[in-house]
Structures are given as structure tokens and as C-alpha cells.
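Chemist: Here the sequence shown is numbered in my numbering, starting from 150 and rising by one per residue.
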Amino acid sequence: MRAEHKSPTRRRLELALRRLQLGRMQSGTNDRISIAAVAREAGVSNATIHNRYPDIAERVRALHVAASKRKTKTLPDSTDALERKLTEARKAIEQLKIDLVKSQSINLRLAKENELLNARLSCQKQDRRKQL
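1. Taking ARG160 as part of the alpha helix (DSSP H), name the residues at either end of that continuous run.
2. With a CB to CB cut of under 7 Å and the five nearest residues on each side skipped, what residues in its chain are close to ILE198?
3. Just verifying my parser: in three-state terms, what is the DSSP assignment at LEU257?
4. If you follow the alpha helix (DSSP H) that ILE182 is in, where does it begin and where does it stop?
5. Under the rule that 16 or more other beta-carbon atoms within 10 Å means buried, what is ILE242, buried or exposed?
6. Note down the Cα distance separating SER194 from ALA215, rounded to an integer number of angstroms.
7. Buried or exposed for ALA191, please, with buried defined as at least 16 other CB atoms from any protein chain shown within 10 angstroms of its CB.
8. Roughly how many angstroms separate the alpha carbons of LYS274 and SER254, rounded to a whole number?
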């Protein structure tokens with residue numbers, strides 16, 4: 150057991166697991182923590198980990214569960230933030246609707262005033278023609 154504990158394969162597996170935890174894989178991938186990812190990083194097969202190093206397999210499983218729980222815990226926070234943004238967006242939409250109605254009212258009033266001014270201008274032109 151002592152010889153197995155200090156084997157180069159065990160050392161590679163432990164280093165691969167550590168790199169995977171820190172997100173510094175040499176393979177350049179951004180794998181989630183799994184036995185396959187550790188095996189790939191260490192350059193061994195999945196079966197080697199399962200058959201010869203069950204303690205490392207158990208550590209990988211425990212880290213995978215812990216990482217999954219961390220992701221689950223962060224989800225409600227992001228959901229709350231999204232709900233706040235949605236509420237703010239809905240308020241902004243309601244304000245824009247109010248502003249649109251006001252703008253339409255102003256435009257209608259200005260259009261009527263423009264018609265009235267055009268009618269006056271037209272009358273003034275006719276009056277000038279009659280005077281000439």
C-alpha cells in the first residue's frame with residue numbers, strides 16, 4: 150500500500166485533481182469536476198481511477214457534489230436579481246406608455262393648431278388677392 154501511495158500515477162492524479170479544482174488545467178479545457186476530467190488531465194483511463202485509486206475516485210465524487218451544491222446556492226440569488234430587473238423594466242415600460250400617451254396628445258393638439266394656422270394663412274392670402 151505504501152508503494153501505491155507514492156506512485157507517479159497517484160501523484161499525477163492528485164496534481165490533476167488539484168488543477169481541476171483551481172481551474173488551471175494543462176489540457177486547456179474548462180471541465181467540471183468529474184472522474185473523466187481528472188483521468189484526462191492525468192493521462193490515465195477512468196478505469197485506472199476506479200480500480201486502482203478508489204480513494205481518489207471518492208474525493209472526486211465529493212468535490213463534484215460540493216461544486217453542484219455551490220451552483221445550486223447561487224441560483225436563487227441570480228433569480229432574485231433577475232426578478233428585480235424585470236420589475237424595474239415593467240415600471241419603465243409603464244412610464245414609457247404614459248409618456249407615449251402624453252406625446253400623442255401633444256401631437257394631436259399641435260396638428261389641430263397647425264391646421265388652424267394654415268386656414269388663417271389661406272384666408273389672409275385670399276384677402277390680399279381681393280385687395281389687389
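Glycine is no exception: its CB is placed at the ideal position from the N, C-alpha and C atoms.
Modeler: With the given structure in hand:
1. Its alpha helix (DSSP H) spans residues 157 to 171.
2. Within the same chain, ILE198 has close Cβ partners LEU162, ILE184, VAL187, ALA188, ILE205, ALA206.
3. Here DSSP, grouped into helix, strand and coil, assigns LEU257 to helix.
4. Counting along the chain, ILE182 falls outside any alpha helix (DSSP H), and DSSP gives it neither H nor E.
5. The residue in question, ILE242, is exposed, as its Cβ has fewer than 16 Cβ neighbours within 10 Å.
6. Going by the C-alpha atoms only, they are around 24 Å apart.
7. Buried.
8. C-alpha separation (whole angstroms): 30 Å.
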